[in-house]
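Protein chains in written order, with our numbering: chain F, 1 to 116; chain X, 1 to 148.
Glycine included, every Cβ here is placed at the ideal spot set by N, Cα and C.
What follows is a short report on a single structure.
Structure, rendered in structure tokens:
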């Protein structure tokens, strides 16, 4: 089986998160737990039809998984795995070695002056 | 869709320092040195397999595992990837290399492993999801429309 392409996974996550309605859906699933499309339509200022469309995209991106609920209603559950891949991308940007190395230079300068 | 920019697996920086390797080594590998420029509190057990811990006033803590100690040339450690859950086993590897120069030291830092593959459990779950749903999306849309 070919390994998943981290670049492709991260891209799908960022595309998914670029839309405010999809962020709202993910936030609702994250804070309130698994929910049906109808639950979400009741809680968010988004039409039922738009929610269905967004849930389809989020499912494709692996960000939510559909699971059978009561009375054969599909419930959507947040799946954090793709988010963790995207987070690795952000972590690389956030490491900030430039600032750290500047701090190291300052320290060595002060230290050398102090011991001279 | 073609990827334009590769996922950054590796960060590399080189700086020229006007100080001898011994001074740079002390800054990188002692608690006093690390406290002065890296974290606000630091402890370190300087041997391969030893632990180091860095704390910042923000409350953030970094637990470090020392991997390579070849004074005063190579210092390597692994640490957690910022933002991932505490129990995620993935870590990045940071390696400092010190090279003496006429003016002092050329210091290179390489941090790698940001694009390492997720574990097998993730792979299975992810592939299962996307493959299954790629073919079932039509049915899903129909179902949602019918339920609306």
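For residue 108(F) and residue 23(X), believed in contact at Cβ under 8 Å, the rounded distance: Walking along the second chain from the start, residue 23(X) turns up at place 23. Walking along the first chain from the start, residue 108(F) turns up at place 108. That belief holds up - the Cβ atoms of residue 23(X) and residue 108(F) are roughly 6 Å apart, short of 8 Å.
Selected residue, minimal CA-CA separation from residue 60(X), among 97(X), 77(X), 42(X) and 94(X): Reading the second chain from its first residue, position 60 is the one you call residue 60(X). Checked all of 97(X), 77(X), 42(X) and 94(X); the closest Cα to residue 60(X) is 42(X).
C-beta atoms of residue 51(F) and residue 40(F) nearer than 7 Å: As a first step, residue 51(F) is located in the first chain; it is residue number 51 there, counting from the start. As a first step, residue 40(F) is located in the first chain; it is residue number 40 there, counting from the start. Yes, these two residues count as a Cβ contact at 7 Å.
Buried/exposed call for residue 49(X), threshold 16 Cβ in 10 Å: Residue mapping note: residue 49(X) aligns to position 49 of the second chain, counting from 1. Exposed, since its Cβ has fewer than 16 Cβ neighbours within 10 Å.
Cutoff 7 Å: residue 16(X) Cβ touching any chain F Cβ: Here the question's residue 16(X) lines up with position 16 in the second chain. Chain F, which has no Cβ nearer than 7 Å to the Cβ of residue 16(X), makes this no.
Bridge partners - residue 11(X), DSSP secondary structure assignment: Your numbering for residue 11(X) matches position 11 in the second chain. Its beta-bridge partners are 111(X).
Contacts of residue 39(F) in chain X (Cβ-Cβ under 9 Å): One-based indexing of the first chain puts residue 39(F) at position 39. Chain X residues near residue 39(F): none, gap ~12 Å exceeds 9 Å.
Segment contact, 8 Å Cβ cut-off, at least three pairs: the region 63 to 80 of chain X with the region 73 to 80 of chain F: no
Coarse secondary structure for residue 63(X), derived from DSSP in three states: Here residue 63(X) refers to the residue found at position 63 of the second chain. Strand.
Spatially closest choice to residue 57(F) from 103(F), 112(F), 17(F) and 104(F), by CA coordinates: Counted from its first residue, the first chain places residue 57(F) at position 57. For the residues 103(F), 112(F), 17(F) and 104(F), the minimum Cα distance to residue 57(F) belongs to 17(F).
Residue 80(X), enclosing beta strand (DSSP E) - first and last residue: One-based indexing of the second chain puts residue 80(X) at position 80. Boundaries of the beta strand (DSSP E) around residue 80(X): 74 to 80.
Residue-level contact to chain X via CB, residue 20(F), 7 Å cutoff: Mapped onto the first chain, residue 20(F) falls at position 20. Under the 7 Å criterion on CB atoms, residue 20(F) is classed as non-interfacial with respect to chain X.
Member of 33(X), 85(X) and 114(X) whose CA lies at the smallest distance from the CA of residue 111(F): Residue 111(F) sits at position 111 when you count from the first residue of the first chain. If we check each option's Cα against that of residue 111(F), 33(X) comes out closest.
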